[in-house]
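First up is the structure itself, then whatever we jot down about it.
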Amino acid sequence: MGGREKRRKLRLSKIYTYACGRPPSGSDHHEEVGGPGFSRVVFCNEPNSAEAALKNYATNYVSTTKYTIATFIPKSLFEQFRRVANLYFLLAASLGFTRLSPYSGVSSMVPLSFVILVSMIKEAVEDWKRFKQDLEVNNRKVKVRLGDGSFDYTEWKQLKVGDVVKVEKDGFFPADLLLISSSYDDAICYVETMNLDGETNLKLKQALGVTSGLSEESDFRQFKAMVKCEDPNANLYSFVGSMKYGVEQYPLSPQQVLLRDSKLRNTEYIYGVVIFTGHDTKVIQNSTEPPSKRSKIEKKMDKIIYFLFSLLVVISACGSVFFGIWTKQDIKNGRMKRWYLRPDDATILFDPKKAGLAALFHFLTALMLYNYFIPISLYVSIEIVKILQCVFINRDQKMYYEEYDRPAHARTSNLNEELGQVDTVLSDKTGTLTCNSMEFLKCSVAGVAYGHGITEVERAMAKKKGSPIAHEISSSETDDESVLKPSVKGFNFMDDRIMNGNWIHEPHSDVIQKFFRVLAICQTAIPEANEESGKVTYEAESPDEAAFVIAAREVGFKFFKRTQTSISLHELDPISGEKGERSYELLHVIEFNSSRKRMSVIVKNEENQILLLSKGADSVMFERLSEKGRKFEEETREHINEYADAGLRTLVLAYRQLDEVEYKNFSEELLQAKNLVSADRDEKVDEVADKMERDLILLGATAVEDKLQNGVPECIDKLAQAGIKLWVLTGDKMETAINIGFACSLLRQGMEQIIITLDTPEIKWLEKQGDKDEIAKASKASIVEQINEGKSQLVSSMGSTEVFALIIDGKALAFALEGDVKSKFLELAIGCASVICCRSSPKQKALVTRLVKEGTGKTTLAIGDGANDVGMLQEADIGVGISGVEGMQAVMSSDVAIAQFCFLERLLLVHGHWCYRRISSMICYFFYKNMVFGFTLFLYEILASFSGQAAYNDWFMSTYNVFFTSLPVAALGIFDQDVSARLCLQFPLLYQEGVQNVLFSWRRIFSWMLNGVYSAAVVFFFTTRTLQIQAFRRGGELASRDVLGTTMYTCIVWIVNCQMALAVSYFTWIHHLFVWGSIAVWYLFLLIYGSLTPTFSTTAYKIFIEACGPSPSYWVITFFVAVCALIPYVVYSTIQMKFFPMYHELIQGIRLYGKDDPEYGKMLKMRYSRRSTVGFSARREAKFYGTKKPRNKKREESRPSEESPINA
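The sequence shown begins at 509 in this note's numbering and counts up by one.
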């Protein structure tokens, strides 16, 4: 570049007390570099050198597809033929070309080929979509240093290990990079890792000082270095390596590493060297191969196929035994018993002298003949139906997010019915439950509560109760919001007593002034002024901090400038009433951490007063107040409890004035602690700060709403009412996760919290000693002890209404997931109403998901939005990706993509329930109709002495599942609704039909099969007995075998289609068209096929025109056989509906008289509801039952929460 780029002069590392400002300690395993597991060598700025070429590192191309061009055909064929039915049909079709076959080989091969082809096309289309998404990511561009020394844009997939890249502001890192320099003088940069760990707060990274001067593109012409580091691994939070630059060796730490899919924020540009590419990057190492997922119903369907195949083998074997006996007896004492078979001149298939061999051949013939017990079109019909179900999911307007133009997207159709059987939802937090934004809503200052805002939790509870407050809230917001509520992101505070400078008229205006000064000063944000508009925006480490400085600005304490040693505000002078500039000398920043739970700054004001300003959790702040500083403690505590109950995050604000001597002593002690080079350095710093952060004077408390996505509390409440459990797996701190738990009603006041953590004095003491084996041993023992204590609490509370929440951090989780502990941990977790796993790595999220899936044996659904959630989504039975504002990694690895968490309610309770019911009913009906058809073949075989003669024409059998019975069942699978979407949401307990699998139980499956056997018996015996002894045609001719087969076939077509009509709950014109159209097509087929030449139509030649059609017996038999076959089903359904109704049948009653009798709907909902343990309904119930008088206790205990007809 021609001129030196303008670099930011602010040395932020002098302001913060971050670890990145210190040189790496010597205890980071740097002595292991070059040994096993630490063998990677990177030649910086020499990606094409001979040494680099020998390393043969992975390319930067990333693929999430299941297939490649080379593997598609073999792998997709394997996918198809691992279905036992398809494998059997392939064998039967192959034998169809031999003399053993009872039908022509072509007639059996064509349907199978059609089934396989359609399934493979579907797989190809779905994988093509994944390929296009991969292409979009791989073709992103970034500036790379080329061989001629210039920087130019290159596609991500072209990057090599050793390349020097330039990433600009708001750009994603294309690979794992070693930070060389940045736009700041001291080579720091801000990184957003939301796609990795779910956190939106910015991380600070800093390059080595020796490379920080490489600030221009031209500086890299002579840049050469060699990096030796660890091999590719999945650990996001560690990095061990060293860089040889010149003659010196410099240790590297995670502070110099920028991970792929992180985002550069608040920094104009950075230069970095590629150290890991493609599948070697840490984010990809945390993911797994895209699994081939199959639903539980499909797996159970395979078991049914095994059963039917076993049945087929048994009846074939029985038939062959009888056939062998009868064949051997065909010639006895020189006389032919079955003379029409010419046993004296028979082939080997009917040779009485070789009856045993003939029986064996007959067994193979029977296996082919009876294959109609197994529906060949079942799989392809289900594939087509599922694809069309996905179309309805994708086009559901109520799951369309208009703001970002994002509809729901079912990326695979294999798991539609699984959506209706979810028992546990495992959810990420940031970007999934939340919008990644905080809003300053309320505050308590000097014991007075300010702010009239309504939280999501309060709004949802009011709406649920039908309280007039809900209407007042909505109407007041509608009327006043445009006037009172500023359209400022992060600020939703409304109170005339504070706004517009009115705070100066409050009784404690001096306290209010100090309160908002603390908000404006006690922070680490960076102001950025727009040169055109003059508007100041803030880049903060956390959304909370941004909300605080915005709130201070809106009230009149505008933070607008930061230097290395000062903070400047524009403040309203309460005396003059005018705004003026006021500066504070910044002396120290004592940062927040999870053990301190507070942050403090020490400043000197213009009056030379030294002030310590502090904000932190109430659990640590109240105990640090001086006796004189507790004036407003009681009122503030009361307000904090109210805020917490409303789902708000609270912090307590306090201050104290220091004298010069006190500050000087503190400063010296703090400097000594910071200069320590030992493992307990941070603890020493905390001890010094702890001495100073005492005798504080209370100012008040803030209440910030961690803005949930729209509808999250309502969605969680509805899922809880449906009996679905929700676990939250997040990379956030425990305090943050707990606050979100309260905000979305997973946690509530009065819920007992079981917290499992390794943050104990004993473990900390062992960590100081540094004995890893002892630390691991003691940590595991501590976790086991805590888990056992939690289980004891659960046991002791049995029979009571007490509910528990389990909260565990990442370090503890690592031991809880070990082989001999995980079963105890799962047992404890299942017994709790809510489970929150904090500080979880992507690998841990996947392991927890696997534990729940395998440990419970029930369907799990994982939902997330970032690359850190990919492993979890792939491990779960169903992975749902949130197509958020940034990052599509989760979506690319998901089975279903939605834009908002609240859409999960409709996805599961409506589409999930419908798909489960449709697929279950569809499969049962398939086995029913094939049992009807196959059993008539078996009965006819008995009549024909097991001769292997089919009752029907070859093409009658081949087209049965394709033309005459497939479309009605497809209509059932696509359009049928037992209840409407509105009623699915109104009665969420209906969802338990899928969780308990009542519609696809073995009892229900066998009942449908028995119905098929009964129908087949009615068809066979009625037609054979009726046609056997009577004249069939005018000329007095008896019915031939062909007439009998055609009559039986006609009866079957009528019965199975009318049975379908009876099973449909929601008729559309498409149902009518397919049901009655299939019957009409049968008659049309008879006419067309029968008119073909006898060489093609064979036994069906003019069978309808000349034989069946003119005969009254044919029509009368068809009518009476159909009626007799369907009567038992009608009677059974009527009795069940009247006396033993299932839950969905009770809800269907609303269609009949619910609108005229709304009390019926209320009664149904109250009678069959279950007691919620999470959600705002649980909060309301806890309050209600907690305030009930003792005389109502019996009534509470007798509440029929478990009285459910679902299992009927």
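Positions of the beta carbon are idealized from the N, C-alpha and C atoms, including for glycine.
Spatial neighbours of residue i in its chain, beta-carbon cut-off 7 angstroms, leaving aside the 5 residues before and after
{"i": "W1564", "result": "Here residue 1564 turns out to be Val, not Trp, going by the sequence shown. If we look at V1564 and ignore the five residues flanking it on each side, its Cβ neighbours are K1437, V1440 and T1473."}
{"i": "Q1117", "result": "Q1165"}
For residue j and residue i, believed in contact at Cβ under 8 angstroms, the rounded distance
{"i": "S687", "j": "N568", "result": "Per the sequence presented here, residue 687 reads as Leu, with Ser not at that position. Not really, about 18 angstroms apart at Cβ, beyond 8 angstroms."}
{"i": "I1271", "j": "I1315", "result": "Actually they are not in contact, since the Cβ atoms of I1271 and I1315 sit about 17 angstroms apart, beyond 8 angstroms."}
{"i": "F1312", "j": "C1340", "result": "5 angstroms"}
{"i": "P619", "j": "S828", "result": "Not quite, the Cβ-Cβ distance comes to about 26 angstroms (not below 8 angstroms), so this is no contact."}
{"i": "K1022", "j": "L1159", "result": "That belief does not hold up - the Cβ atoms of K1022 and L1159 are roughly 15 angstroms apart, past 8 angstroms."}
Cβ-Cβ distance between residue i and residue j below 8 angstroms
{"i": "C697", "j": "I783", "result": "no"}
{"i": "L941", "j": "V1356", "result": "no"}
{"i": "E1383", "j": "A1354", "result": "yes"}
{"i": "A1162", "j": "I1205", "result": "yes"}
{"i": "K803", "j": "E926", "result": "It should be noted that the sequence gives Ser, not Lys, for residue 803. Cβ distance < 8 angstroms, so S803 and E926 count as in contact."}
{"i": "N703", "j": "A1375", "result": "yes"}
{"i": "G717", "j": "N553", "result": "no"}
{"i": "P762", "j": "Y745", "result": "yes"}
{"i": "G1307", "j": "L1334", "result": "no"}
{"i": "F681", "j": "V675", "result": "yes"}
{"i": "K713", "j": "Q641", "result": "no"}
{"i": "V888", "j": "V626", "result": "yes"}
{"i": "K715", "j": "S750", "result": "It should be pointed out that residue 715 corresponds to Ala in this sequence rather than to Lys. Contact: no."}
{"i": "A1245", "j": "V1236", "result": "yes"}
Whole-angstrom distance between residue j and residue i, CA atom to CA atom
{"i": "L1535", "j": "S1402", "result": "59 angstroms"}
{"i": "E756", "j": "C1030", "result": "41 angstroms"}
{"i": "E631", "j": "S800", "result": "11 angstroms"}
{"i": "E1093", "j": "K1136", "result": "27 angstroms"}
{"i": "Y1561", "j": "T1368", "result": "A quick correction: the sequence has Val, not Tyr, at residue 1561. Cα to Cα, the separation comes out at about 40 angstroms."}
{"i": "V1503", "j": "H787", "result": "37 angstroms"}
{"i": "A1337", "j": "M1242", "result": "17 angstroms"}
{"i": "E1047", "j": "T775", "result": "10 angstroms"}
{"i": "F999", "j": "D1153", "result": "20 angstroms"}
{"i": "K1087", "j": "H917", "result": "53 angstroms"}
{"i": "C1423", "j": "K736", "result": "54 angstroms"}
{"i": "S983", "j": "Y958", "result": "In this predicted model, S983 has a pLDDT of only 45, less than 50, meaning its place in the structure is not dependable; the value taken from the coordinates is given anyway. Taking the straight line from one Cα to the other gives about 21 angstroms."}
{"i": "Q1352", "j": "N741", "result": "14 angstroms"}
{"i": "I1020", "j": "A1211", "result": "15 angstroms"}
{"i": "R1106", "j": "N1247", "result": "15 angstroms"}
Sequence-distant residues of the same chain with beta carbon closer than 6 angstroms to residue i, five excluded per side
{"i": "G1365", "result": "none"}
{"i": "L896", "result": "I1482"}
{"i": "R846", "result": "D838"}
{"i": "M1645", "result": "E1653"}
Short CB-CB distance (under 8 angstroms) between residue i and chain B
{"i": "Y912", "result": "Going by chain labels, chain B is absent from the structure shown, which holds only one protein chain."}
Spatial neighbours of residue i in its chain, beta-carbon cut-off 8 angstroms, leaving aside the 5 residues before and after
{"i": "E539", "result": "Here the model assigns E539 a pLDDT of 48, short of 50, so the residue's position is not dependable and the matter cannot be decided."}
{"i": "L1076", "result": "In the sequence on display, residue 1076 carries Ser and not Leu. Excluding positions up to five away in sequence, the list reads F1067, F1068, K1069, R1070, E1089, R1090, S1091 and Y1092."}
{"i": "N816", "result": "Reading the sequence as shown, one finds Leu at residue 816 and not Asn. Excluding positions up to five away in sequence, the list reads F881, I882 and F1435."}
{"i": "E634", "result": "R919, T920 and S921"}
Coarse secondary structure for residue i, derived from DSSP in three states
{"i": "M1259", "result": "coil"}
{"i": "S935", "result": "strand"}
{"i": "L927", "result": "helix"}
{"i": "L868", "result": "helix"}
{"i": "H960", "result": "coil"}
{"i": "C1423", "result": "helix"}
{"i": "D1176", "result": "The residue you asked about is not Asp; residue 1176 is Glu in the sequence shown. Note: E1176 maps to helix in three-state DSSP."}
{"i": "L685", "result": "strand"}
{"i": "F1024", "result": "helix"}
{"i": "C1346", "result": "coil"}
{"i": "P619", "result": "helix"}
{"i": "P915", "result": "coil"}
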